Structures are given as structure tokens and as C-alpha cells.
Amino acid sequence: MKLYEYEAKEIFLEHGIPVPEFRVVSTPEEALKAAEEIKGRVVVKAQVLVAGRGKAGGVKLADTPEEAYRYAKQMLGSEIKGEKVNKVMVTKAVDIARELYLSIIIDRSMGQPVILSSPEGGVDIEELARTRPERILKIPVDPLIGLREYSAREAARFLELGEQSKQAQDIVSRLYEVFLKYDCELAEINPLALSTDGKLYAVDAKIIVDDNALYRQQELSGDYLRDLSYYEAEAKKLNFSYVELDGNIGILCNGAGLTMATMDTVYVMGGKPANFLDIGGGARAELVEKALSLLLQHPKTEIIFINILGGITRCDEVARGIVEALKKNPVKKKLVVRLKGTNEEEGRKILEENGIYVFEFMDEAARKAVELGAKT
Ligand code: GDP
Ligand code: MN
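If you count the sequence shown from 1, position 231 lands on 235 in the numbering used here, and the numbers rise without skipping.
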């Protein structure tokens, strides 16, 4: 989950990383007031999660509160790269002498955090990595040992600072603290600005929290499910692995491997899955009912393909769940069911009593689902 700039800056402040004074507002009048309170030149910044905000007109320097009002009015309610602006930040403008780059990321190939530092910040870092990779220093951090002082010093030294090098080293350490505490995939300061009066400030702030750690990061703004659709949020609450796709065939399986294989088969047969939904092992009727209800309610699914391999999961429990879901959701959607394994006969009987045909083989069932999907 990406955090907004103001959320990341609040975290920075709590951890002693210097951030220019700021306010977050949602009306032009509030922006005017904020600019008056902050005094002097301010920057008005659209709070959006898309990258390249500055270039898209989402960062504006304002010399007077009236100018800040105008920029806020322009930005609020408008869209930046397709994302609606609901809030803007009004922040004290830094008189910038140099823009530097500092971040900590998870390097997946190395399997550990890496500090990235560059004396050339502000710009697009991917671009710099392509054109002049030697201008970015990468320092791996052993997560078991933690950040060593000499690593932080080395990262700071690469920024080509003079007397501020010690302060930069301190910022590196604090950024690592933030990175650990919030289970980050990325904690980035771009630019880290050196002001003309010789101080360092995090002028921009970006934090991406690892979604797999969200269960223990719930205090982050309280609504950690905000980037998810209603269905994704519901699935998360129920602990299903659920991903939305663009097709029209809903997929409901048990086990990630079977779910993937089912999706592949549907693709091979020329169909398109509407989702990935894995109810996991040993699901009882109630859980199956909830999973199927979700797909029945989803506007995109026209056909639902249920493919269950009973092991710990019992086919009769699954069948009872299916029947229950159909009772609760009287929508007319076509169902293709394939059941195999533990208590298969019992499951088949329950479904057939309710007018649902049960396939024995996956390819047969997938073909049927695709055929029905093509007709709608
Ligand atoms: P981004 O486009 O979303 O990365 O937004 P940033 O907050 O990084 O701002 C983009 C650029 O605007 C920075 O690289 C700076 O060049 C400029 N900028 C942002 N804040 C200030 C400021 O306080 N003073 C000055 N002089 N420039 C700023
Ligand atoms: Mn930036």
C-alpha cells in the first residue's frame, strides 16, 4: 500500500527526519489560511499516489497566500494522471541549493534491504539508473545485523555534502528505522534538499508498505483497505487470496496451485477469468457460501467455474456451501462445477438434488465454462 506524501511526512516527523512545515487541506479557503499561517513562499502539492506528479502540474510554488488559493482551487477536484485530487498540502518552500536522492528498498534478488543514495536527486531515478548508474550507490543491509554506522556514513558520503554529511548520516539511520517499523517495500526521499542556508530537508516523501504486512500495520490511517475494491476488501476480511482480472468467468478453487492451473486451462480454451479466488484448504460450507456469494454479486462475473479437489476440503461441505449461496443470492448466473476427492459422491448428490450438474474432469468443465462465457 502506498502512503500519501503527507502520511509519509508525518511518519518522518515522528522519527526526527526534517520536513518543512506543512498543512493538509481540502478547500481553497483552507489553503489560503494555511499559507498565511506558514508565511512566506509556499508550495501547493496535490496529494495523489501516482508518480510524476510535479511534471503533471501537481506541484506549484506560490509567492503569496492568494496565489496558493488559486493553485489549490485549480488542483482540488481535478485529476492528475487519472487520479482525483481530494487534498492538497501547503508547505513552506525551501530555497533549494541542491537536490539529492536517498531511499531504502527491498532488493528481491538479494533478498535484503538496500540503501540507494545519489548526489543527483529530484529527477526521475529510473532514468538516472539507466543513463548513469554509477551516480547511484547501492549499499546492502543485512537485516539480521541491522544498519551499521559505517554503511550509513558511506551512503551519506556519496551525497557529496560538506559539513552536512553528519546530518545526512543521521537521516539515513532514521530512514532505516522507519523502513523497519512500517514493513516498507520502499522508503524514499526524493529530493532530499540542501537549502541555500545549509540545511537538509525531506522535500518529498514516499512510503510503500508491504501488503503482506498490512495486518500488523492497521494503525496506518485506520483504513488500510482503501486501495481495494469492495470485493477485494471483503475477500481480505475473509482471508481469501483474491485478485480481480478483466474476464467474465469467475473462478473459485481450493489451493493456489489448482487455482492457477484452472485459470490457465480457461485461458487455453479461449476464455477469460474474471478473478483469482482461492478459498484455501479445509474450507467449511459457510466459507464456501461467502466466497461464492462474492462472485455471484460481482458485476463482472457472468459464469462461475468452481473447481475443487477434495483432500482436507470435503466435497459435501463445498456442495452445501454452493447450495446455500445460491439460495441467498437469487441472481441468474451460470455455474459450472467440478468436484473430485474426499466425499465426492455425497457432494455430487447434494448438488444434483438441487439441479446442478457436476463434472468429473477439469478440461471438460473448463470447456463448458468457456463455451457459456462466449455466449453471454
Ligand atoms: P513529485 O513530482 O511528486 O516527485 O514531487 P516533489 O515533491 O518531488 O516535487 C517536484 C519538484 O518540485 C522537486 O524536485 C523540486 O524541484 C520542486 N520543489 C518541490 N518543493 C520545492 C520547494 O520547497 N522549493 C523549491 N525551490 N522547489 C521545490
Ligand atoms: Mn519527488
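Quick reminder that beta carbons are idealized off the backbone N, C-alpha and C, glycines included. Computed from a predicted structure; not experimentally measured.
If distances are taken between C-alpha atoms only, which option among the options comes closest to residue i?
| i | options | result |
| --- | --- | --- |
| L299 | R318, F244, C319 | F244 |
| M114 | E153, K59, D146 | D146 |
| S121 | A160, E153, R112, K88 | A160 |
| T200 | L355, E103, E248, R324 | E103 |
| G56 | E130, G285, I42 | E130 |
| G150 | V94, F183, G166 | F183 |
| P144 | A378, I109, D367 | I109 |
| E124 | R139, I326, G166, T135 | R139 |
| A173 | L190, L196, K185 | A small correction: the amino acid at residue 173 is Gln; Ala does not occupy that position in the sequence shown. Nearest C-alpha to Q173: L196. |
| T95 | T68, R136, P137, I42 | I42 |
| P22 | S177, T31, S30 | S177 |
| L204 | E189, G166, Y73 | G166 |
| L249 | K170, L80, S233 | S233 |
| E34 | S155, D320, V92, I307 | V92 |
| G351 | F363, R324, N333 | R324 |
| R152 | A278, E181, K372 | E181 |
| G251 | Y105, A278, M264 | A278 |
| L355 | R220, D128, C319 | C319 |
| F16 | V207, K59, G377 | V207 |
Alpha carbon to alpha carbon, what distance is there between residue j and residue i?
| i | j | result |
| --- | --- | --- |
| A287 | L313 | 12 angstroms |
| L179 | K77 | 34 angstroms |
| K304 | G261 | 23 angstroms |
| K294 | A239 | 9 angstroms |
| E70 | L36 | 6 angstroms |
| N258 | F365 | 16 angstroms |
| A317 | A191 | A small fix is needed here, since residue 317 is Thr in this sequence, not Ala. Using only the alpha carbons, I get a separation of about 41 angstroms. |
| T402 | K337 | In the structure as shown, the chain starts at 5 and stops at 380, and residue 402 therefore has no counterpart that could be examined. |
| D214 | C188 | 6 angstroms |
| Y361 | A289 | 19 angstroms |
| F309 | P117 | 41 angstroms |
| H19 | L148 | 22 angstroms |
| P28 | E348 | Note on identity: in this sequence residue 28 is Val, with Pro being the wrong assignment. The alpha-carbon atoms of V28 and E348 are separated by roughly 58 angstroms. |
| G62 | R112 | 31 angstroms |
| Y246 | T266 | 14 angstroms |
Let me check you understand the geometry: is the CB of residue i closer than 7 angstroms to at least one non-hydrogen atom of the ligand GDP?
| i | result |
| --- | --- |
| D208 | yes |
| E130 | no |
| L65 | yes |
| G202 | no |
| E158 | no |
| A97 | yes |
| E103 | yes |
| K59 | yes |
| V47 | yes |
| P24 | yes |
| G56 | yes |
Residue i: beta carbon under 7 angstroms from a heavy atom of the ligand SAM?
| i | result |
| --- | --- |
| N194 | Among the ligands in the structure shown, the ligand SAM does not appear; only the ligand GDP and the ligand MN can be found there. |
Within 10 Å of its beta-carbon, does residue i have 16 or more other beta-carbons around it, so buried, or fewer, so exposed?
| i | result |
| --- | --- |
| F280 | buried |
| E357 | exposed |
| Q51 | buried |
| V292 | buried |
| N101 | Rather than Asn, the amino acid found at residue 101 in this sequence is Ala. Exposed: under 16 other Cβ atoms inside 10 Å. |
| S107 | buried |
| A12 | buried |
| V4 | This structure leaves residue 4 out entirely; the chain is present only between 5 and 380. |
| S82 | exposed |
| K210 | buried |
| Y186 | buried |
| D67 | exposed |
| G359 | exposed |
(request) Only counting runs of 3 or more residues, tell me where the beta strand (DSSP E) segments fall wholly within the stretch 266–322, in order along the chain. (result) If only uninterrupted beta strand (DSSP E) runs of at least 3 residues are considered, those enclosed by the stretch 266–322 are 279–282, 307–314.
(request) Please go through the stretch 49–88 and give each complete alpha helix (DSSP H) segment of 4 or more residues, from N-terminal end onward. (result) Listed in chain order, the alpha helix (DSSP H) elements of length 4 or more contained wholly in the stretch 49–88 are 69–79.
(request) For the stretch 82–137, list the alpha helix (DSSP H) runs that are entirely contained and at least 4 residues long, ordered along the chain. (result) Within the stretch 82–137, the alpha helix (DSSP H) runs of at least 4 residues that lie entirely inside it are, in chain order, 129–135.
(request) Within the stretch 171–244, note down every full beta strand (DSSP E) run reaching 3 residues or more, in order along the chain. (result) Runs found: 188–199, 204–206, 210–213.
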